[in-house]
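The sequence shown: position 492 = 492 (UniProt numbering), numbered continuously. Yeah, the Cβ is synthetic: ideal placement off N, Cα and C, and Gly gets one too. Structure first, then comments.
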Amino acid sequence: MSVVEAKSKCHNLNVCHVPVAEHADKADIEKYRNASVEVFKVLNNIDSSIVVEKASVDEAFLDMTSYVDQRLIEFKKSDKDVVDYFSMLPTSYVVNGKDENEKDRESHLESFVKESLIDEDYARILIAGIAVEQIRDQILGETKFHCSAGVGNNKMMAKLVCSRHKPRKQTLVPWRFAKEILKTTPIKDVRGFGGKLGYRIQEKLHITFIGELLTVDHSLVTEEFPEQHDWLMAVAEGYDDEPVRPRSECSSIAVSKNFPGRNAIDTVAKVRQWTHDLLKELSKRLITDQVQNKRTAENLVVSILPEGGGTQPQKTLKLTSYHPDIMFEQVWSILKLFNRSENEAIWKPKVLNMSMSASRFCKGVPAQSRVITEWLKSKKNQTLSTEPTEFDDEIMIIPFEKAVESSAPDVIYLHDDAVALEKNNHSDERDLIKIDGKSMLRSTFHQLPPNIKQQYEHRMALECARQLKLSAEHKGRSGRKRQNNTNGDKQKKFKKSGECRQIKDFFTKEG
């Protein structure tokens with residue numbers, strides 16, 4: 001529902017606007033990520049026997065098996081009755097297929113507690129449910145944030161019922177009712193079935209609910225899904241053997257943008273611009289993640305949603321750098337292949353969504369990234385003896401000397417690290433050198449390690465060549481005529497800057 005439609009139905013509606021991202025015209029949820037850190041700090045310090053897996057900025061899986069095992073013995077010896085346990089579940093619902101009405105909550109919960117006193121499987125869910133009530137109270141007390149929860153025998157069932165009685169509630173699903181719940185659960189709502197697989201199941205087997213898999217002829221399921229039929233049938237019965245893995249960071253970092261209706265992208269220029277903007281935002285988040293969590297992503301998944309539905313084109317690339325320009329060259333070489341238009345300026349089919357996701361993180365920072373870190377560390381005592389410096393084993397952030405007049409820092413990407421340099425407004429422009437559109441003191445550039453310096457000299461040379469080419473094309477020149485022009489006024493203009501003299505020396509053959 002759009003804001004206009006919502007206000008037409010509720011005239012007193014107050015609509016809040018989230019901040020806009022720095023590099024792309026999209027929502028910036030950084031403050032929600034910061035809030036997430038507070039919540040996970042609580043979760044990770046509740047009990048050492050509870051395994052916490054961060055699934056996203058606002059979602060976590062908790063494996064409470066060991067925790068419940070320890071308390072099951074105490075539970076069996078306890079003299080508490082139904083009323084006592086009932087009072088410990090003030091925001092809990094029990095899923096049994098008939099739990100949609102608020103008035104039935106108390107009667108269903110009371111029956112569940114009674115069953116728990118004689119059935120160990122029920123008792124385990126009860127113990128976990130009471131613990132989760134306490135955890136949610138602790139999160140609210142320490143962070144002022146409310147949480148919803150689902151308690152089940154596995155990841156799939158717990159996630160499935162988590163949203164059943166939102167907000168600020170939790171739902172318990174005894175194993176006995178798993179099949180009953182799945183009979184009316186849409187396939188797309190089941191964890192892992194919201195994409196291509198879920199679409200194929202509906203298309204090939206002509207079913208809508210995941211539980212309907214049990215009614216389909218087994219030979220048909222085997223024929224259509226020869227490698228997955230046993231697993232699919234198990235899911236339809238409520239089984240899920242995926243373990244909860246201890247993880248305090250997200251398994252992926254993604255950026256995306258929707259272009260619904262008339263906002264659909266239909267030109268190459270717009271696709272290029274949005275690709276570049278989204279990658280700038282992704283680069284910023286990846287660098288922050290690398291500094292905070294000391295890890296590096298290896299894969300970059302790119303996908304677009306074309307108008308007209310069907311399969312969503314997707315490609316996985318090897319991530320070689322966090323620099324947005326390098327990432328763009330990688331992505332664009334693949335993304336442009338998705339365009340079906342014969343007109344070089346038009347993009348067909350129109351794009352409804354663009355998504356870039358970095359994943360497969362490995363611990364630490366690549367060796368070539370540490371070169372610049374080690375160099376910075378060696379310069380610390382020489383140039384910044386009076387400034388505070390933050391260290392860790394592999395990454396160091398150096399606050400460079402501030403300018404006389406305050407100004408926003410220019411960020412220069414040194415391989416996969418980001419170092420903020422304060423640009424001195426009183427410096428002569430001849431003392432500055434341009435790298436990827438950003439300024440660096442020439443003296444600083446000359447002190448870079450030889451291999452780092454060589455790479456940037458090469459990129460500066462490429463940029464000079466690109467500028468010459470664009471200038472010549474603008475004047476309508478081409479081929480040899482454009483080449484000859486590089487010996488004319490344009491070359492003289494560029495020779496005035498210190499960069500091109502260095503670049504010329506860089507490309508001069510020795511001997």
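Go ahead and pull the three-state DSSP assignment for residue i.
i: residue 34; result: helix
i: residue 41; result: helix
i: residue 53; result: strand
i: residue 228; result: coil
i: residue 383; result: Note that residue 383 scores a pLDDT of 49, beneath 50, so its modelled location is shaky; the value from the coordinates is reported in the next line. If DSSP states are grouped into helix, strand and coil, residue 383 belongs with the helices.
i: residue 507; result: Per-residue confidence for residue 507 stands at a pLDDT of 48, beneath the threshold of 50, marking its modelled position as unreliable; the derived number appears in the next sentence. Helix.
i: residue 7; result: helix
i: residue 247; result: strand
i: residue 293; result: helix
i: residue 211; result: helix
i: residue 88; result: coil
i: residue 344; result: coil
i: residue 390; result: Residue confidence for residue 390 is low, a pLDDT of 37 falling below 50, so the modelled location carries little weight and cannot support an answer.
i: residue 27; result: strand
i: residue 59; result: strand
i: residue 263; result: helix
i: residue 252; result: strand
i: residue 360; result: strand
i: residue 316; result: strand
Do residue i and residue j have their C-beta atoms closer together than 8 Å?
i: residue 353; j: residue 305; result: yes
i: residue 232; j: residue 213; result: yes
i: residue 85; j: residue 126; result: yes
i: residue 113; j: residue 172; result: no
i: residue 265; j: residue 331; result: no
i: residue 302; j: residue 335; result: yes
i: residue 82; j: residue 115; result: no
i: residue 136; j: residue 149; result: yes
i: residue 15; j: residue 32; result: no
Tell me the rounded alpha-carbon separation between residue i and residue j.
i: residue 357; j: residue 459; result: 26 Å
i: residue 167; j: residue 59; result: 14 Å
i: residue 474; j: residue 284; result: 33 Å
i: residue 270; j: residue 346; result: 10 Å
i: residue 444; j: residue 455; result: 15 Å
i: residue 441; j: residue 453; result: 13 Å
i: residue 6; j: residue 147; result: 25 Å
i: residue 184; j: residue 101; result: 16 Å
i: residue 124; j: residue 365; result: 43 Å
i: residue 267; j: residue 223; result: 42 Å
i: residue 461; j: residue 312; result: 38 Å
i: residue 3; j: residue 262; result: 16 Å
i: residue 216; j: residue 226; result: 15 Å
i: residue 186; j: residue 206; result: 13 Å
i: residue 355; j: residue 309; result: 16 Å
i: residue 38; j: residue 29; result: 15 Å
Please work out which residues of its chain come closer than 8 Å, Cβ to Cβ, to residue i, disregarding the five sequence neighbours upstream and downstream, and give them in chain order.
i: residue 249; result: 54, 289, 293, 295 and 361
i: residue 446; result: 453
Skipping 5 residues on each side, what residues in its chain have a beta carbon closer than 7 Å to that of residue i?
i: residue 67; result: 47, 49, 50 and 131
i: residue 319; result: 297, 298, 299, 300 and 358
i: residue 343; result: none
Is it the case that the CB of residue i approaches a heavy atom of the ligand ADP more closely than 7 Å?
i: residue 267; result: By its list of ligands, the structure shown contains no ligand whatsoever, and the ligand ADP lies outside what it can speak to.
Kindly list the residues whose CB is nearer than 6 Å to the CB of residue i, restricted to its own chain and excluding five residues on each side of it in sequence; keep chain order.
i: residue 155; result: 61, 240 and 242
i: residue 204; result: 224
i: residue 153; result: 175
Contact criterion: CB-CB distance below 8 Å. Does residue i meet it with respect to chain B?
i: residue 283; result: Protein chain content of the structure displayed is limited to a single chain, and chain B is not contained in it.
Mind the definition here: the stretch 230 to 245 touches the stretch 178 to 185 only if three or more C-beta pairs lie below 8 Å; say whether that holds. The stretch 230 to 245 vs the stretch 178 to 185: in contact.
Between the stretch 252 to 259 and the stretch 64 to 84, do three or more beta carbon pairs fall short of 8 Å? No, because fewer than three Cβ pairs between the stretch 252 to 259 and the stretch 64 to 84 fall closer than 8 Å, the two stretches do not touch.
Specify whether the stretch 157 to 167 and the stretch 185 to 204 touch according to this definition: at least 3 beta carbon pairs, one from each stretch, less than 8 Å apart. The answer is yes - the stretch 185 to 204 touches the stretch 157 to 167, with three or more Cβ pairs under 8 Å.
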